[in-house]
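A.B. asks: Residue 88 in my numbering sits at position 18 of the sequence shown; the count goes up by one each step and never skips.
One structure, as structure tokens, below. Some questions next.
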Amino acid sequence: MYREINAIEKETGRYELYVGYPYVEGRFQDGTFVKAPLLLFPVKLIKEKDTWLIDNIEEQYILINKVFLMAFEKYNNTSIQQDLITEFYDLSEVNIQDQESLLKYIKDAGIVIKGKAGDLVERFKEHVGKDAGSEYALGELVVQNYLVLGRFHIANNSIYNDYLALEQGMEPNRLLDRLLINANEGNSTKVQASEGQEEIREEDFYFMTSLDYS
Numbered sequence: 071m072y073r074e075i076n077a078i079e080k081e082t083g084r085y086e087l088y089v090g091y092p093y094v095e096g097r098f099q100d101g102t103f104v105k106a107p108l109l110l111f112p113v114k115l116i117k118e119k120d121t122w123l124i125d126n127i128e129e130q131y132i133l134i135n136k137v138f139l140m141a142f143e144k145y146n147n148t149s150i151q152q153d154l155i156t157e158f159y160d161l162s163e164v165n166i167q168d169q170e171s172l173l174k175y176i177k178d179a180g181i182v183i184k185g186k187a188g189d190l191v192e193r194f195k196e197h198v199g200k201d202a203g204s205e206y207a208l209g210e211l212v213v214q215n216y217l218v219l220g221r222f223h224i225a226n227n228s229i230y231n232d233y234l235a236l237e238q239g240m241e242p243n244r245l246l247d248r249l250l251i252n253a254n255e256g257n258s259t260k261v262q263a264s265e266g267q268e269e270i271r272e273e274d275f276y277f278m279t280s281l282d283y284s
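Structure, rendered in structure tokens:
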């Protein structure tokens, strides 16, 4: 993992090593099973002789997992509070001190997640097969105290935000439409939002793959 993270940073300039904690697990309203970190803490691995250490990167943001937020909106066919702050250097900036205050902060944005007694780290449980998440009701989301160190790829999320900002501020432009989305004369991929405005659906974006950094 250490070599992989450093190689990706050298090639792309992105550093993607995070500790994910806690996790949210359950099912969206359409039945889609979800198991994802709620918060992502940037860290670095340090090797001292035969010992590996994990150190916080204080100059980088702690993140609320925006990929989860996007999935919540898509699979629940809803919208969350648009002014939700999702990046901060310290949890105290948004008055998060514990699990209860974290879930309240998320709930204020329109996302209800059930809490769990205690905050002891739990062993990560795998869910496989078509029945994964069948123990949860539709729309039920629950906190799990999993703590996972890993590479969390968030580049596509950043690109999506850039595209949204560009699309919201631009004048109608047929060439740019074709560049950003799969738009053509005979098959429009846009949904009319209001007079003079158009909304581009997420599935119509072209995202870079993990091998295409151009």
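C-beta: ideal position from N, C-alpha, C; glycine also.
(1) Counting pairs of Cβ atoms below 8 Å between the region 118-134 and the region 198-210, do you hit three or more?
(2) Whose C-beta lies closer than 7 Å to the C-beta of Asp125 among residues of the same chain, with five residues either side of it excluded?
(3) Per DSSP, Asn126 forms a beta bridge with which residues?
(4) DSSP beta-bridge partners for Arg97?
(5) Compare the C-beta of Pro92 against all C-beta atoms of chain C and say whether one is closer than 8 Å.
(6) Which of helix, strand or coil does DSSP assign to Phe194?
(7) What are the residues that DSSP puts in a beta bridge with Arg73?
(8) Only counting the same chain, and skipping five residues up and downstream in sequence, which positions put a Cβ closer than 8 Å to that of Gln169?
(9) To the nearest angstrom, report how far apart Val182 and Val89 are at their CA atoms.
(10) Going straight from the alpha carbon of Ile132 to that of Phe158, what length do you get?
(11) Can you tell me which of Ser171, Lys105, Asp100 puts its alpha carbon nearest to the alpha carbon of Glu143?
(12) Measure the C-alpha to C-alpha separation of Thr102 and Leu109 and round it to an integer number of angstroms.
C.D. replies: Concretely, from the data shown:
(1) Too few Cβ pairs lie closer than 8 Å, so no.
(2) Counting only Cβ-Cβ distances below 7 Å, and skipping sequence neighbours, we find Val113, Lys114, Ile116.
(3) DSSP, once it has assigned bridges, lists Val113 as partnering Asn126.
(4) Paired residue(s): Phe103.
(5) This model lacks chain C altogether, as it is built from one protein chain only.
(6) Reduced to three states, the DSSP call for Phe194 is coil.
(7) Answer is none; Arg73 lacks a bridge partner.
(8) Hits under 8 Å: Pro92, Gly185, Lys186, Asp189, Val213.
(9) Those two C-alpha atoms are separated by around 23 Å.
(10) It is roughly 5 Å from the alpha-carbon of Ile132 to the alpha-carbon of Phe158.
(11) The residue with the shortest Cα to Cα distance from Glu143 is Asp100.
(12) When only Cα atoms are considered, Thr102 and Leu109 end up about 21 Å apart.
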